[in-house]
Amino acid sequence: MVGARCRTQSAIDRRVARIDGSRGEESGQGRVCRSGEREVARASGRMMERERLYRTEALILHRTEFGEADRLLHVFTPHLGRLRLLAKGVRKVSSRKAGHVELFTHVNLLVARGSTLDIVSQAEVLEPFRQLHEDLERASMAYYVGELVIRFTEEQDANAPLFYLTRSTFERLCTARDPLLALRFFELHALGLTGYRPQLYFCVACQKRLELVPSYFSPSMGGVLCPRHKGQVESMAPLTLPAFKVLRYMQTEPWEQVATLRLSAQIHLELESHLRDFIVHVLERQLKSVEFIRRLRREQWVNAFEHRS
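Take the sequence shown: its position 178, counting from 1, is numbered 199 in the numbering used here, and each next residue is one higher.
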């Protein structure tokens, strides 16, 4: 009887041992499972962090003070379009980013997505365009280029060709023998890249092929009218033959060829008038930077006159 009880107890002990061993295996599997879940969670967190950050090259076109120590930057990128970014603390004397987010610089940015504004996390200058900071006249032209890009584009609407044209224009404003010619080249090609290319080869009134003769330029009609339409359109201005030739040349030839042109002051003023009127018509507004350029030019004329006197 005692032997039977011993055998029964041994059987029970073995069954309990098997159950305990099974539980041990299950417990080990649970630990492995939880460890895997933690690894997946960490990987997911790293992925979310990468998605929260993005890197882009950019041109800094405009900036305004924001809060006590920050700046709001208007930047133009090749693949993300125009963005408004918050540069925190850059107005502090101790800020390390301040020198890397100057106006009219080509920069590489690491940006963190924010709930309302994305925030500049890191900035590195790729090209400072120093002449635009040291020469007031060239700086005023850069202001104008920046304002044009802001007015011609929508936020987050990518236009890579316009980005590269703008970057090249900043370079040309620094180095060109005739920066005004670089500005006219930019105006004409920026109009084309934003869908407002002036028509210089067919009359905008009768659609006949234009001859290279003195003609008329009409912003409201979108380009050049042949002489037979003289007086038929209210917003038309005479277009001299030299200015007509230069417009066509600038529209079709690369900058390297255009840069060889030598233009008189009169032709410069005529080209400026036609293109500015065209731009104002397209944008339906005056540009603040244009008035600044005019004021600066008047001051230069006055100073030159006083110097001669």
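Beta carbons: idealized from backbone N, C-alpha and C, even for Gly. Values in this document were obtained by computation on a predicted structure and should not be read as measured data.
Leaving out the 5 sequence neighbours to the left and right, which residues in its chain are closer than 8 Å to residue i when beta-carbon positions are compared?
| i | result |
| --- | --- |
| residue 73 | 133 and 134 |
| residue 176 | 102, 103, 104 and 105 |
| residue 161 | 310, 313, 314 and 317 |
| residue 37 | Bear in mind that a pLDDT of 41 at residue 37, under 50, signals an unreliable position, so the model cannot answer this. |
| residue 44 | Annotation note: pLDDT 49 at residue 44 (below 50); position unreliable, coordinate value reported separately. So the list is empty, once near-sequence residues are dropped. |
Excluding the 5 residues preceding and the 5 following residue i in the sequence, name in chain order all residues of the same chain whose CB lies nearer than 6 Å to its CB.
| i | result |
| --- | --- |
| residue 288 | 263 and 264 |
| residue 303 | 217 |
| residue 139 | 106 and 132 |
| residue 250 | 226 |
| residue 112 | 90 |
Buried or exposed for residue i, please, with buried defined as at least 16 other CB atoms from any protein chain shown within 10 angstroms of its CB.
| i | result |
| --- | --- |
| residue 167 | buried |
| residue 205 | buried |
| residue 244 | buried |
| residue 299 | buried |
| residue 230 | exposed |
| residue 12 | Outside the displayed range of the chain (22 to 330) lies residue 12, so it cannot be described from this structure. |
| residue 270 | exposed |
| residue 126 | buried |
| residue 91 | buried |
| residue 283 | exposed |
| residue 331 | The first residue shown for the chain is 22 and the last is 330, placing residue 331 beyond what the model contains. |
| residue 236 | buried |
| residue 26 | For residue 26, the predicted structure reports a pLDDT of 48, less than 50, and the residue's modelled location is therefore unreliable. The matter cannot be settled from this model. |
Could you name the residues of the same chain whose beta carbon sits closer than 7 Å to that of residue i, not counting the 5 residues immediately before and after it, in chain order?
| i | result |
| --- | --- |
| residue 242 | 225, 226 and 254 |
| residue 266 | 233 |
| residue 83 | 95, 167 and 171 |
| residue 203 | 190, 193, 194 and 197 |
| residue 214 | 180, 182, 183 and 186 |
| residue 68 | Caution is warranted here: a pLDDT of 49 is assigned to residue 68, below 50, making its placement in the model unreliable, and the coordinate value is therefore given only provisionally. Correct list: empty, nothing qualifies. |
| residue 297 | 311 |
| residue 207 | 166, 186 and 190 |
In the DSSP assignment, what are the bridge partners of residue i?
| i | result |
| --- | --- |
| residue 121 | Looking at the DSSP assignment, residue 121 forms no beta bridge with any residue, so it has no partner. |
| residue 127 | 80 and 148 |
| residue 176 | 103 |
Please report how far the alpha carbon of residue i lies from the alpha carbon of residue j, in whole angstroms.
| i | j | result |
| --- | --- | --- |
| residue 317 | residue 158 | 8 Å |
| residue 314 | residue 141 | 31 Å |
| residue 293 | residue 201 | 9 Å |
| residue 309 | residue 275 | 29 Å |
| residue 209 | residue 261 | 17 Å |
| residue 87 | residue 93 | 6 Å |
| residue 151 | residue 222 | 39 Å |
| residue 121 | residue 154 | 14 Å |
| residue 143 | residue 131 | 5 Å |
| residue 148 | residue 307 | 30 Å |
| residue 252 | residue 239 | 11 Å |
| residue 319 | residue 118 | 37 Å |
| residue 295 | residue 89 | 43 Å |
| residue 123 | residue 301 | 28 Å |
| residue 77 | residue 128 | 8 Å |
| residue 281 | residue 199 | 9 Å |
| residue 169 | residue 291 | 20 Å |
| residue 219 | residue 110 | 44 Å |
| residue 173 | residue 100 | 16 Å |
| residue 80 | residue 137 | 21 Å |
| residue 211 | residue 188 | 12 Å |
| residue 268 | residue 256 | 19 Å |
| residue 247 | residue 258 | 12 Å |
| residue 114 | residue 178 | 34 Å |
| residue 305 | residue 107 | 29 Å |
| residue 286 | residue 279 | 16 Å |
| residue 156 | residue 228 | 44 Å |
| residue 98 | residue 75 | 12 Å |
| residue 116 | residue 277 | 40 Å |
| residue 85 | residue 164 | 13 Å |
Less than 8 Å between the CB of residue i and some heavy atom of the ligand MG, yes or no?
| i | result |
| --- | --- |
| residue 221 | In terms of ligand content, the structure shown is empty, and the ligand MG therefore cannot be addressed. |
ask   = Which ranges would you report for the alpha helix (DSSP H) in the region 129-172 if only whole runs of at least 4 residues count?
value = 152-155
query = Which full runs of the beta strand (DSSP E) of 3+ residues lie inside the region 72-108, going along the chain?
reply = 74-87, 91-98 and 102-108
key: Contained alpha helix (DSSP H) runs [length at least 4] in the region 201-285, N- to C-terminal order   = 262-273 and 276-279
request  = Could you pull out every unbroken alpha helix (DSSP H) segment of at least 4 residues lying fully inside the region 285-322, listed in chain order?
outcome  = 286-304
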